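Asks: Its first residue numbered 184, the sequence shown is counted upward by one per residue in this note's numbering.
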Amino acid sequence: MSTWPISSIRPVLAKQLRRGSRTVLLTPMTARVGNLLYFWLRAHREREHGRDLKVRESEHFGEWATVWPEMVDLSVRRLDIGRTNRLLAVPPMHFQRFGTDFTRMDLELFIRNCLLTDAFVAAMGERDATTLTINVRRGDYYADDELRSVYGMDIGSYLHSAVDRIGARDLRRVVVVSDDPAWCEAHLSWLRDVGPVQVAPVGPLHHLATLASASNLVLSNSTFSYWGGYIASTLDDGCRVVAPRFHVRDIDGGRPWQHHPSWTTADAG
């Protein structure tokens, strides 16, 4: 009588065990809020359709749990993943394809149900039609040579083009939201031709809330920036948003797949 080695039946047993009704998305542990929001949007969308999808908490989950309490219900701690839970790997496009992975209705429902909490709204400013808000994403996109090779763009050239698209005639003030204000001070002095330049308070909550409050918004090629644009566009149909015609160089020739249909684009330089 022949016997199977234990190692050969473990995958079969594991597959049989993981037949529960809950699916857990295996979020990268280093995922930050820009990517996490797409995962939470997916979980919220699944819940609206009667399916149980949880997002595995990343190292940065705790930064947002008090701002958006609903995310606690859409997430699961790594140690709480059950033996019967189905496991889902994050797909290459990270559930970020507008019109494919989610609809405008899915997005707006998620924003209104989950993101516009008292804590988040309290961090937002008054909407002002004469203010231009600009997000400049640098950080590891430019400090890390490998990331720079795929995400880097000519920021100055892009911003000139984007501001031209917005049109500066009716603008009186500029708010810069950036993880590198010193670089902005050194390279973007020409923005003073539009109006006095103010740097937004530091911290991801204040940065995202400032973007969400904008009436005239220039985005960067980052998921964090896109979410600022999504919220601003949801709250104000008349919000003018310009985004770079570029996301990352090694996918689909650099063409972005996250853009809201109401946004306009500018050359990334």
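The beta carbon of each residue, even a glycine, is placed where N, CA and C say it ideally should be. In this text the structure is predicted, and so the values were computed from the model without any measurement.
Note the first and the last residue of the continuous beta strand (DSSP E) segment covering Ala369.
Replies: Sequence index remark: in the sequence shown, residue 369 carries index 186 (1-based). No beta strand (DSSP E) holds Ala369; the alpha helix (DSSP H) holding it covers 364-370.
Asks: Are Ala397 and Pro427 closer than 8 angstroms when you measure CB to CB?
Replies: As a working note, residue 397 is residue 214 in the sequence shown. As a working note, residue 427 is residue 244 in the sequence shown. The answer is no: Cβ separation not under 8 angstroms.
Asks: Does the pairing of the region 406-423 with the region 291-306 give three or more beta-carbon distances under 8 angstroms?
Replies: The region 406-423 is in contact with the region 291-306.
Asks: How many Å lie between Arg258 and Leu330 at the Cα?
Replies: One-based indexing of the sequence shown puts residue 258 at position 75. One-based indexing of the sequence shown puts residue 330 at position 147. Sequence check: residue 258 is Ser here, not Arg. Approximately 28 angstroms between the Cα atoms of the pair.
Asks: For Ile317, which three-state DSSP category applies?
Replies: The residue you call residue 317 lines up with position 134 of the sequence shown. The answer is strand: DSSP assigns Ile317 an E or B state.
Asks: Using a Cβ-Cβ cut-off of 6 angstroms (strictly less than) and excluding sequence neighbours within five positions of Val304, which residues of its own chain qualify?
Replies: Looking up residue 304 in the sequence shown gives position 121. Nothing meets the Cβ criterion.
Asks: Helix, strand or coil: which one does DSSP assign to Ser204?
Replies: Within the sequence shown, residue 204 is the residue found at index 21, counting from 1. Ser204 falls in the coil class under three-state DSSP.
Asks: Alpha carbon to alpha carbon, how far is Val207 from Phe285?
Replies: Counting from one through the sequence shown, the residue named residue 207 turns up at place 24. Counting from one through the sequence shown, the residue named residue 285 turns up at place 102. Answer to the nearest angstrom: the Cα atoms are 18 angstroms apart.
Asks: Taking only runs that begin and end inside the region 199-273, name each unbroken alpha helix (DSSP H) of 4 or more residues, in chain order.
Replies: Runs of the alpha helix (DSSP H) inside the region 199-273: 216-231, 253-256.
Asks: Candidates Pro379, Gly378, Thr393: which alpha carbon is nearest Val385's?
Replies: As a first step, residue 385 is located in the sequence shown; it is residue number 202 there, counting from the start. For Val385, the nearest C-alpha among the options comes from Thr393.
Asks: From Trp410 to Arg215, what distance separates their C-alpha atoms?
Replies: Position 227 of the sequence shown, counting from 1, holds the residue named residue 410. Position 32 of the sequence shown, counting from 1, holds the residue named residue 215. Spanning the two alpha carbons is a distance of roughly 12 angstroms.
Asks: What residue range does the alpha helix (DSSP H) around Ala306 cover?
Replies: Position 123 of the sequence shown, counted from the start, is the residue given in the question as residue 306. Note, Ala306: alpha helix (DSSP H), 301-306.
Asks: Would Val359 and His390 qualify as a contact pair, given that the criterion is a beta-carbon distance under 8 angstroms?
Replies: Within the sequence shown, numbered from 1, the residue matching residue 359 stands at position 176. Within the sequence shown, numbered from 1, the residue matching residue 390 stands at position 207. Cβ distance not < 8 angstroms, so Val359 and His390 don't count as in contact.
Asks: Specify the secondary structure class of Ser396 as computed by DSSP and reduced to three states.
Replies: Stepping through the sequence shown from its first residue, residue 396 is reached at position 213. DSSP places Ser396 in coil when its eight states are reduced to three.
Asks: Enumerate in chain order the residues of its own chain whose CB-to-CB distance from Ala272 is below 6 angstroms, with the five nearest sequence positions on each side excluded.
Replies: Here residue 272 corresponds to residue number 89 of the sequence shown, with the count starting at 1. Hits under 6 angstroms: Leu209.
Asks: Three-state secondary structure (DSSP) at Pro387?
Replies: As a position in the sequence shown, residue 387 is number 204, starting the count at 1. Pro387 falls in the helix class under three-state DSSP.
Asks: Name the DSSP bridge partner or partners of Arg423?
Replies: Sequence index remark: in the sequence shown, residue 423 carries index 240 (1-based). Asn399.
Asks: Among the residues of its own chain, which have a CB less than 8 angstroms from the CB of Leu354, if the five just before and after it don't count?
Replies: On the sequence shown, residue 354 is found 171 positions in, with the first residue counted as 1. Correct list, in chain order: Thr313, Thr314, Leu315, Val377, Gly378, Asn399.
Asks: From Ala345 to Ala449, what distance separates their C-alpha atoms?
Replies: Within the sequence shown, the letter at position 162 stands for residue 345. Within the sequence shown, the letter at position 266 stands for residue 449. Ala345 and Ala449: Cα-Cα distance of roughly 6 angstroms.
Asks: Give every residue of the same chain whose Cβ lies closer than 7 angstroms to the Cβ of Asn218, excluding the five residues on either side of it in the sequence, and list them in chain order.
Replies: Looking up residue 218 in the sequence shown gives position 35. Once the five neighbours on either side are set aside, the close Cβ partners of Asn218 are His277, Thr406.
Asks: Roughly how many angstroms separate the alpha carbons of Leu388 and Asp435, rounded to a whole number?
Replies: Taking the first residue of the sequence shown as 1, we reach residue 388 at position 205. Taking the first residue of the sequence shown as 1, we reach residue 435 at position 252. Their backbone Cα atoms lie some 31 angstroms apart in a straight line.
Asks: For Gln381, which residues does DSSP report across the bridge?
Replies: Your numbering for residue 381 matches position 198 in the sequence shown. Note: Gln381 sits in a beta bridge opposite Val358.
Asks: Going by beta carbon distance, what residues of the same chain come within less than 7 angstroms of Thr249, once the five residues before and after it are set aside?
Replies: Indexing the sequence shown from 1 puts residue 249 at position 66. Closer than 7 angstroms at the Cβ level, and outside the excluded window around Thr249, lie Ala302.
Asks: Does DSSP put Thr448 in a helix, a strand or coil?
Replies: Residue mapping note: residue 448 aligns to position 265 of the sequence shown, counting from 1. Note: Thr448 maps to strand in three-state DSSP.
Asks: Name, in chain order, the residues that DSSP records as bridge partners for Phe278.
Replies: As a first step, residue 278 must be located in the sequence shown, where it is residue number 95. For Phe278, which the question treats as bridged, DSSP gives no partner whatsoever.
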